[in-house]
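In my numbering, the protein residues as written are 1 to 300.
Beta carbons: idealized from backbone N, C-alpha and C, even for Gly.
Here the structure is laid out as structure tokens; the discussion comes afterwards.
Here you go:
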């Protein structure tokens, strides 16, 4: 059968002629197998194309979802960075209040010192392989922040109770800026603008145009108004409990010695008197005659 001969007769309708084709059995079998193979190949190819299209759509959806998750993760991380800064600012405010009311400082570690979401987040850079690590770090940061918030609430209640019991102390504490302008020299060691030698600067230099009003940062009594070769026209206010503020290089005073002043009252005007490099206010805070950093008290 396999090696037998088969004849295929082809009739031509219009011409009335015929044509014979002689084939062996194995040739017919080969043709059949070839047709089956081609059909199977086409089916497999079609299945593969359909499967690849489905995989591509699935991959696109997965990639889109991953990008959305990445965007959400970055957005949340940036919010946590902002929140971290807010917590640090609250901690600084807490420390200043404690200094003002002579309440013992607490050596508690803040969330900011333990680390937040990381620097990559602020730059918008987040490799895929770090997303899981960042998510874990964010969860730990949120846990620390929750603990810090509860501790801060307890600390604030302590401060509120002390403030209620010491209203007079708060009213007499220099807690606001004495003048508008910009700080040109801070408290501490610096190079002298006159000799370039290293010297200790006992206050803050706040520069502004001559005639800028200077305000009392808290309630007190004007204890001293005189001219000094170095300080120029200088004015001192005593606030009680050994606390005193000094205002130097004034253009003129707006109060008299012995006068009681309240926070926000105009006490003088900025000038350029004494040993000065230009119109500015030299502002000092002293406790028991010892200069301290005025920034420890300024809350606004």
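_Reduced DSSP category for residue 93 - H, G, I as helix; E, B as strand; rest coil_ = Locating residue 93 in the chain shown gives position 93, counting from the first residue. Residue state, collapsed to three classes: helix.
*asked:* By alpha-carbon positions, which one of 140, 146 and 241 ends up nearest to residue 171?
replied: On the chain shown, position 171 is the one that residue 171 refers to. Answer by Cα proximity: 241.
*Return the CA-CA distance between residue 287 and residue 279, expressed in angstroms with no decimal places.*
Reading the chain shown from its first residue, position 287 is the one you call residue 287. Reading the chain shown from its first residue, position 279 is the one you call residue 279. Computed Cα separation, rounded: 27 Å.
_Check whether the region 263–280 and the region 150–162 touch, using three or more Cβ-Cβ pairs below 8 Å as the test._
no
_DSSP three-state label for residue 291, please._
Walking along the chain shown from the start, residue 291 turns up at place 291. If DSSP states are grouped into helix, strand and coil, residue 291 belongs with the strands.
*Nearest to residue 204 by CA position, among 197, 198 and 190, is which residue?*
Sequence index remark: in the chain shown, residue 204 carries index 204 (1-based). Ranking the options by Cα distance to residue 204, first place goes to 190.
_For residue 207 and residue 221, what's the separation of their Cα atoms in angstroms?_
Translated into the one-based positions of the chain shown, residue 207 becomes position 207. Translated into the one-based positions of the chain shown, residue 221 becomes position 221. C-alpha separation (whole angstroms): 25 Å.
*Cβ separation of residue 283 and residue 173, assumed to be a contact under 8 Å, to the nearest whole Å*: Taking the first residue of the chain shown as 1, we reach residue 283 at position 283. Taking the first residue of the chain shown as 1, we reach residue 173 at position 173. Contact flag wrong, Cβ pair sits at about 15 Å.
*Kindly confirm or deny that the region 210–219 and the region 186–201 touch, where touching means at least three C-beta pairs closer than 8 Å.*
no
*Note down the Cα distance separating residue 226 from residue 290, rounded to an integer number of angstroms.*
One-based indexing of the chain shown puts residue 226 at position 226. One-based indexing of the chain shown puts residue 290 at position 290. Taking the straight line from one Cα to the other gives about 20 Å.
*In this structure, what does DSSP give as the bridge partners for residue 189?*
Here residue 189 refers to the residue found at position 189 when the chain shown is read from its first residue. DSSP lists 200 as partners of residue 189.
*Entirely within the region 214–299 and at least 3 residues each: give me those beta strand (DSSP E) ranges in chain order.*
220–228, 232–240, 243–253, 266–270, 280–287 and 290–292
*Per DSSP, the bridge partner or partners of residue 206*: The residue given as residue 206 occupies position 206 in the chain shown. According to DSSP, residue 206 bridges with 183 and 281.
*Local Cβ density within 10 Å of residue 294, reported as buried at 16 or more and exposed below that*: By 1-based counting over the chain shown, the position of residue 294 is 294. The residue in question, residue 294, is buried, as its Cβ has 16 or more Cβ neighbours within 10 Å.
*Mark residue 47 as exposed unless 16 or more other C-beta atoms lie within 10 angstroms of its C-beta, in which case mark it buried.*
Indexing the chain shown from 1 puts residue 47 at position 47. Exposed: under 16 other Cβ atoms inside 10 Å.
*Could you give the distance in angstroms between the alpha-carbon of residue 123 and the alpha-carbon of residue 74?*
Taking the first residue of the chain shown as position 1, residue 123 is located at position 123. Taking the first residue of the chain shown as position 1, residue 74 is located at position 74. Residue placement at residue 123 is poorly supported in this model, since its pLDDT is 49, which falls under 50; the coordinates still yield a value, given next. Using only the alpha carbons, I get a separation of about 10 Å.
*Please classify residue 304: is it buried, with 16 or more other beta-carbons within 10 angstroms of its beta-carbon, or exposed?*
Because the chain here runs from 1 to 300, residue 304 falls outside it and cannot be looked at.
*Express the C-alpha separation of residue 228 and residue 154 in angstroms, rounding to a whole number.*
Taking the first residue of the chain shown as 1, we reach residue 154 at position 154. Taking the first residue of the chain shown as 1, we reach residue 228 at position 228. When rounded, the distance between both Cα atoms is 48 Å.
*Assign residue 91 to one of two classes, buried (16 or more other C-beta atoms within 10 Å of its C-beta) or exposed (fewer than that).*
Sequence index remark: in the chain shown, residue 91 carries index 91 (1-based). Buried.
*DSSP on residue 82, reduced to helix/strand/coil?*
As a first step, residue 82 is located in the chain shown; it is residue number 82 there, counting from the start. Helix.
*Would DSSP call residue 176 helix, strand or coil?*
Position 176 of the chain shown, counted from the start, is the residue given in the question as residue 176. Reduced to three states, the DSSP call for residue 176 is coil.
_Sub-8 Å separation of residue 213 and residue 285 beta-carbons_ = In the chain shown, the residue the question calls residue 213 occupies position 213. In the chain shown, the residue the question calls residue 285 occupies position 285. Not in contact: residue 213 and residue 285 (Cβ atoms no closer than 8 Å).
*Straight-line gap, residue 43 to residue 137 (C-alpha atoms, nearest Å)*: By one-based count along the chain shown, residue 43 stands at place 43. By one-based count along the chain shown, residue 137 stands at place 137. Between residue 43 and residue 137, the C-alpha separation is close to 51 Å.
*asked:* Cutting at 6 Å between CB atoms, please list the residues of its own chain near residue 292, excluding the five before and the five after it.
replied: Sequence index remark: in the chain shown, residue 292 carries index 292 (1-based). For residue 292, where only same-chain residues beyond five positions count, the Cβ hits under 6 Å are 285.
_residue 211 - DSSP class collapsed to helix/strand/coil_ = The count along the chain shown starts at 1 and reaches residue 211 at position 211. Note: residue 211 maps to coil in three-state DSSP.
*From residue 232 to residue 175, what does the alpha carbon distance come to, in whole angstroms?*
Position 232 of the chain shown, counted from the first residue, corresponds to residue 232. Position 175 of the chain shown, counted from the first residue, corresponds to residue 175. Roughly 25 Å separates the two Cα atoms.
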